[in-house]
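Colleague:
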Amino acid sequence: MWSLCRTFIRPALSTGGLPSLRRSVVAPLVSRSYGTRFNVPPSAEFVSRVSGISTMYKLPHQESAEGLDAAFIGVPIDTGTSNRPGARFGPRQIRVESALLRSFNSGTRAAPYESLMVADIGDVNVNLYDLKDTCTRIREFYRRVLSAGCIPLTMGGDHTIAYPILQAVAEKHGPVGLVHVDAHADTSDVVLGERIGHRTPFRRCVEEGLLDCSRVVQIGLRGSGYSADSYAWSRAQGFRVVQVEECWFKSLAPLMEEVRGQMGGGPVYLSFDIDALDPGFAPGTGTPEIAGLTSIQGVEIIRGCRGLNLVGCDLVEVSPPYDTTGNTALTGANLLFEMLCVLPNVKYL
């Protein structure tokens with residue numbers, strides 16, 4: 491049997507079939523990927539999606555943000571969660587699923603890799619035994635990224651991470667506007683004696699003056715609460731609260747036109763909790779709430795941020811252990827690509 495196999499294999503090698511393939515496939519790949527002004531991910535027409543080390547969209551990995559316009563960063567923690575864990579594995583699985591995405595946005599004609607230098611700079615080295623220390627590590631990491639003039643695109647991890655990231659962002663840009671897409675307001679004060687966790691980040695941000703409260707909108711909030719008006723605190727700070735009932739059965743493009751007017755030309759941070767989406771679209775998350783946004787509405791919100799002065803974005807709370815089909819991580823990878831496509835200076839062809 492083996493000799494029969496060799497009979498069929500050897501002629502191809504002896505006639506130069508493999509070297510010919512190398513010339514026609516590999517050489518164009520090199521020129522189309524990392525040898526130009528920008529990092530353009532290799533096409534699946536030339537490189538198998540399942541080959542190679544997993545990075546976001548098969549972009550190159552580099553150790554720092556130096557020389558980059560935007561960088562993908564993983565923050566693999568779930569020690570701030572209050573329900574189901576697993577978000578620590580989110581960045582890894584989002585990277586795996588991101589191999590399916592291509593270089594251009596066919597819906598908007600955005601060409602991010604023809605416009606910006608982008609790479610995956612790996613993960614923050616978090617301390618899974620100490621959440622406060624982890625927050626310090628995150629803040630210091632993002633200070634370095636921002637000092638390099640790079641816009642961070644973050645894969646969580648639970649929503650605790652927004653607090654130290656915004657500490658670094660506001661240190662550079664001053665108080666920022668916030669487009670917060672979520673099922674929950676994340677404005678609790680103290681939970682079981684703790685002030686830092688995924689239910690509290692935006693309360694801490696307000697207390698420290700990190701947000702321009704007149705330019706904060708929270709979209710998709712829903713679910714049962716501990717009082718009749720769970721969002722009274724947000725409204726008292728000047729946030730615009732868009733409960734999910736205001737989003738049902740409609741396009742959110744008109745809403746986002748209003749949001750763009752509210753945000754103006756100042757710096758804006760986009761924070762997207764995957765549980766904003768209905769569990770039918772994104773079941774793999776720690777604190778699911780029914781009757782949520784659709785994946786189409788999620789895309790509308792992000793595309794509606796085009797033209798804003800975005801200084802950072804995150805996609806959080808993907809929990810692969812509860813994502814049996816991989817659809818939640820795949821959705822997260824697509825939403826992060828949409829975020830990349832609306833960053834300042836991205837060209838539209």
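The C-terminal residue of the sequence shown carries number 839 in this note's numbering, and the numbering is unbroken.
Each residue gets a CB set at the ideal place from its N, CA and C atoms; glycine is no exception.
Keep in mind it's a predicted model, so treat the numbers as computed, not measured.
Alpha carbon to alpha carbon, how far is residue 831 from residue 640? Give it in angstroms, no decimals.
Modeller: For the purposes of this step, residue 640 is identified with residue 150 of the sequence shown, where counting begins at 1. For the purposes of this step, residue 831 is identified with residue 341 of the sequence shown, where counting begins at 1. Cα to Cα, residue 640 sits roughly 15 Å from residue 831.
Colleague: Decide if residue 555 is buried, meaning its Cβ has at least 16 other Cβ atoms within 10 Å, or exposed.
Modeller: For the purposes of this step, residue 555 is identified with residue 65 of the sequence shown, where counting begins at 1. When all chains shown are included, residue 555 counts as buried.
Colleague: What is the residue span of the alpha helix (DSSP H) that residue 695 lies within?
Modeller: Translated into positions along the sequence shown, residue 695 becomes position 205. That run of the alpha helix (DSSP H) goes 691 to 697.
Colleague: Using beta carbons (cut-off 8 Å, strictly below), is residue 646 in contact with chain B?
Modeller: The structure shown contains no chain B; it holds only a single protein chain.
Colleague: Using beta-carbon positions only, say whether residue 678 and residue 693 come within less than 8 Å of one another.
Modeller: Counting from one through the sequence shown, the residue named residue 678 turns up at place 188. Counting from one through the sequence shown, the residue named residue 693 turns up at place 203. For residue 678 and residue 693, yes; Cβs fall inside 8 Å.
Colleague: Buried or exposed for residue 550, please, with buried defined as at least 16 other CB atoms from any protein chain shown within 10 angstroms of its CB.
Modeller: Taking the sequence shown and counting its residues from 1, the one referred to as residue 550 is at position 60. Burial call: exposed.
Colleague: Which two residues bound the contiguous alpha helix (DSSP H) that contains residue 631?
Modeller: Taking the sequence shown and counting its residues from 1, one reaches residue 631 at position 141. Segment 621 to 637, the alpha helix (DSSP H) holding residue 631.
Colleague: Less than 8 Å between the C-beta atoms of residue 803 and residue 644, yes or no?
Modeller: Taking the first residue of the sequence shown as position 1, residue 803 is located at position 313. Taking the first residue of the sequence shown as position 1, residue 644 is located at position 154. Contact flag set, yes.
Colleague: Relative to the C-alpha of residue 730, which candidate in 769, 706, 710, 751 has its C-alpha closest?
Modeller: As a working note, residue 730 is residue 240 in the sequence shown. Among 769, 706, 710, 751, the Cα nearest to that of residue 730 belongs to 706.
Colleague: Mapping DSSP to helix, strand and coil, what is residue 745?
Modeller: As a first step, residue 745 must be located in the sequence shown, where it is residue number 255. In the structure shown, residue 745 sits in a helix (DSSP, three-state: H, G or I).
Colleague: According to the Cβ coordinates, are residue 798 and residue 753 closer than 8 Å?
Modeller: Position 308 of the sequence shown, counting from 1, holds the residue named residue 798. Position 263 of the sequence shown, counting from 1, holds the residue named residue 753. Yes.
Colleague: What residue range does the alpha helix (DSSP H) around residue 764 cover?
Modeller: Translated into the one-based positions of the sequence shown, residue 764 becomes position 274. Here residue 764 belongs to no alpha helix (DSSP H), and DSSP marks it neither H nor E.
Colleague: For the beta strand (DSSP E) containing residue 579, name the first residue and the last one.
Modeller: As a first step, residue 579 is located in the sequence shown; it is residue number 89 there, counting from the start. Here residue 579 belongs to no beta strand (DSSP E), and DSSP marks it neither H nor E.
Colleague: Using 10 angstroms around the beta-carbon of residue 743, count the other beta-carbons present and answer buried if the total reaches 16, otherwise exposed.
Modeller: Here residue 743 refers to the residue found at position 253 of the sequence shown. Classification of residue 743: exposed, given that the 10 Å Cβ count is below 16.
Colleague: Between which two residues does the beta strand (DSSP E) harbouring residue 730 extend?
Modeller: Taking the sequence shown and counting its residues from 1, one reaches residue 730 at position 240. From DSSP, the beta strand (DSSP E) with residue 730 extends over 730 to 733.
Colleague: Ends of the beta strand (DSSP E) at residue 670?
Modeller: On the sequence shown, position 180 is the one that residue 670 refers to. Per DSSP, residue 670 belongs to the beta strand (DSSP E) from 666 to 671.
Colleague: Does DSSP put residue 788 in a helix, in a strand, or in coil?
Modeller: Residue 788 sits at position 298 when you count from the first residue of the sequence shown. Looking at residue 788 - three-state DSSP - the assignment turns out to be helix.
Colleague: Helix, strand or coil for residue 709? Go by DSSP, reduced to three states.
Modeller: Reading the sequence shown from its first residue, position 219 is the one you call residue 709. Strand, per DSSP.
Colleague: Mapping DSSP to helix, strand and coil, what is residue 595?
Modeller: Residue 595 sits at position 105 when you count from the first residue of the sequence shown. Reduced to three states, the DSSP call for residue 595 is strand.
Colleague: Hey, quick one: how far does the beta strand (DSSP E) through residue 561 stretch, first residue to last?
Modeller: Numbered from its first residue, the sequence shown carries residue 561 at position 71. Residue 561 -> beta strand (DSSP E) spans 560 to 565.
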